[in-house]
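So the structure is just underneath, and the comments pick up after that.
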Amino acid sequence: MSFAPTVPAAHAAAPALPGPLWLNDPADAPALLQHSGYALLRPEALTQLASAELPTLAALSPCWNRLPPDAHLKDGGRYRHRRHGSFVQDLATGTVTAVPHRAHWQPTTYNALHGGMLRWFEPLEAALGQAPPFLTLVGSLGRLFAQAMVPPAAPAFDGRWYIEAHPFRIDTAAGVGRPTPEGAHRDGVAFVAVVLVNRVGVHGGETRVFQAEGPHGVRFTLTEPWSALLLDDTRVVHESTPIQPQTEGGHRDTLVITYRTDGFQDPPAS
Numbered sequence: 249m250s251f252a253p254t255v256p257a258a259h260a261a262a263p264a265l266p267g268p269l270w271l272n273d274p275a276d277a278p279a280l281l282q283h284s285g286y287a288l289l290r291p292e293a294l295t296q297l298a299s300a301e302l303p304t305l306a307a308l309s310p311c312w313n314r315l316p317p318d319a320h321l322k323d324g325g326r327y328r329h330r331r332h333g334s335f336v337q338d339l340a341t342g343t344v345t346a347v348p349h350r351a352h353w354q355p356t357t358y359n360a361l362h363g364g365m366l367r368w369f370e371p372l373e374a375a376l377g378q379a380p381p382f383l384t385l386v387g388s389l390g391r392l393f394a395q396a397m398v399p400p401a402a403p404a405f406d407g408r409w410y411i412e413a414h415p416f417r418i419d420t421a422a423g424v425g426r427p428t429p430e431g432a433h434r435d436g437v438a439f440v441a442v443v444l445v446n447r448v449g450v451h452g453g454e455t456r457v458f459q460a461e462g463p464h465g466v467r468f469t470l471t472e473p474w475s476a477l478l479l480d481d482t483r484v485v486h487e488s489t490p491i492q493p494q495t496e497g498g499h500r501d502t503l504v505i506t507y508r509t510d511g512f513q514d515p516p517a518s
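Position one of the sequence shown corresponds to residue 249 (our numbering), numbered consecutively onward.
The structure is reproduced here in structure tokens:
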């Protein structure tokens, strides 16, 4: 698809993004991220990263049944439920360490709808945030993203990732749920992983990825539990379309994990 009307003429010759290519081996992802700015992992690839079989990952799914409502939605909706946790990964030592619970903050340049707000969400449950498959996945993604770093960011990277994890449920109890109410956006980080945990009784929820500085984009729908979208947040923007119910109780569960190189995003010092 093309987004040419909203893109400066200087980018009109930018090469098109390749169509969706689902990877079975996560070792292929760094090169694809460097080339295209995004990569898609089948569940087989994600289980390799988590060092866990699908039933073990599926055993984490009940945590999404206990997500509290998001009290910060500015559109007045009640369709989003979430928690939040923060970690630091040291690639030199191989450790992923939880940090004291903190607010989630983004500048308005990256989130026009909810930017500039200190958003306190309930912390991750131990059943998720301390689960070995979750921590292994977080660490494996960090190593994968380090391999995908390209200049000029790579020389400045000190081997520490500042990571935020967000389990989301978008429900359709009110008729429609919006995975990205802020619209097409970047997160203000280096890399993003969007993992589909479950998709029950809904239609819609198409994901769209397009160049941050170009006219081209791709669209696809995550349908398989524990498949994943990986993004170079410096090069692409992304969004997901609203979902609507096919059955009562329809919902879409995701795990979004972001990786930043130079500390957590916090409000500027006054």
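Where a beta carbon is used, it is the ideal one built from N, C-alpha and C, also for glycine.
Since the model is a prediction, treat every value here as computed from it, not as a measurement.
Continuous alpha helix (DSSP H) stretch holding residue i: start and end
{"i": "PHE393", "result": "380-396"}
Within 9 Å, strictly: CB atoms of residue i and residue j
{"i": "VAL450", "j": "HIS414", "result": "no"}
{"i": "HIS486", "j": "ARG456", "result": "yes"}
{"i": "THR384", "j": "LEU297", "result": "yes"}
{"i": "GLY285", "j": "LEU271", "result": "no"}
{"i": "ALA396", "j": "ALA277", "result": "yes"}
{"i": "GLY407", "j": "ALA340", "result": "yes"}
{"i": "LEU372", "j": "ARG331", "result": "yes"}
{"i": "GLY425", "j": "GLY325", "result": "yes"}
{"i": "PRO274", "j": "LEU366", "result": "no"}
{"i": "LEU308", "j": "ALA375", "result": "yes"}
Closest Cα partner of residue i within the set the options
{"i": "LEU281", "options": "SER475, PHE439, PHE405", "result": "PHE439"}
{"i": "PHE405", "options": "ILE491, ASP273, ASP510, ALA517", "result": "ASP510"}
{"i": "PRO463", "options": "ARG483, ALA300, VAL445, ASP318", "result": "ARG483"}
{"i": "TRP409", "options": "GLN513, ARG508, GLU292", "result": "ARG508"}
{"i": "HIS283", "options": "LEU479, ALA375, ILE505", "result": "LEU479"}
{"i": "GLY431", "options": "GLN378, PRO490, VAL398", "result": "PRO490"}
{"i": "ILE505", "options": "PRO493, VAL443, GLU496", "result": "VAL443"}
{"i": "LEU470", "options": "ALA441, LEU389, CYS311, ARG391", "result": "ALA441"}
{"i": "ALA379", "options": "GLN492, ALA275, PRO427, THR345", "result": "THR345"}
Enclosing beta strand (DSSP E) for residue i [first to last residue]
{"i": "THR345", "result": "343-346"}
{"i": "GLU301", "result": "Unbroken run through GLU301: none, as it is neither H nor E."}
{"i": "HIS329", "result": "328-330"}
{"i": "THR282", "result": "The question names Thr, but residue 282 in the sequence shown is Gln. Looking at the DSSP string, GLN282 is not in any beta strand (DSSP E); the run it does join, the alpha helix (DSSP H), is 277-284."}
{"i": "GLY377", "result": "Here GLY377 belongs to no beta strand (DSSP E); instead the alpha helix (DSSP H) covers 374-377."}
{"i": "ASP480", "result": "475-480"}
{"i": "PHE335", "result": "333-338"}
For residue i: DSSP bridge partner residues
{"i": "ASP501", "result": "ARG417, ASN446"}
{"i": "SER309", "result": "Paired residue(s): none; SER309 is not in a bridge."}
{"i": "GLY465", "result": "PHE458"}
{"i": "GLN492", "result": "HIS451"}
{"i": "ARG426", "result": "Bridge partners of ARG426: none, in fact."}
Contact belief for residue i with residue j at Cβ below 8 Å, rounded distance in angstroms
{"i": "GLU370", "j": "PRO429", "result": "Their Cβ separation, rounded to whole angstroms, is 20 Å, which puts GLU370 and PRO429 out of contact at 8 Å."}
{"i": "ARG417", "j": "ASP501", "result": "5 Å"}
{"i": "LEU288", "j": "THR295", "result": "Actually they do not touch by this definition, with Cβ atoms about 15 Å apart."}
{"i": "GLY333", "j": "GLY377", "result": "5 Å"}
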